[in-house]
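Asker: Have a look at the structure that comes next, please.
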Amino acid sequence: MEDAKPMKTPMHASNPLSKDELGKPVDQTIYRSMIGSLLYVTSSGPDIMQVYVYVLDFSLILENYI
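Just so we're aligned, residue 13 is where the sequence shown starts under the working numbering, counting upward by one.
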């Protein structure tokens, strides 16, 4: 990292983004909803797994007493 060149943006200036004039329009609310759902699932995954493990442990304890 000592020999790296500092840049204001991680994107190359030689390849600028351009508007796709021929592309079909996209509903931004659906896209934002999907991204929000993905963020929720990835952030709540460990919590769901912890509850699953607790339920599994409890069911195994009940099996021993029945």
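Ideal placement from N, C-alpha and C gives every residue a C-beta, glycine not left out. Remember, predicted model here, so these are calculated numbers, not experimental data.
Quick one: what's got a C-beta closer than 6 Å to D4's C-beta in the same chain, skipping five residues either side?
Answerer: Only positions 13 to 78 of the chain appear in this structure, which leaves residue 4 out of reach.
Asker: Consult DSSP for E75 and reduce its assignment to one of helix, strand or coil.
Answerer: helix
Asker: Please report how far the alpha carbon of P58 lies from the alpha carbon of L50, in whole angstroms.
Answerer: 14 Å
Asker: Going by DSSP in three states, V65 sits in which element: helix, strand or coil?
Answerer: helix
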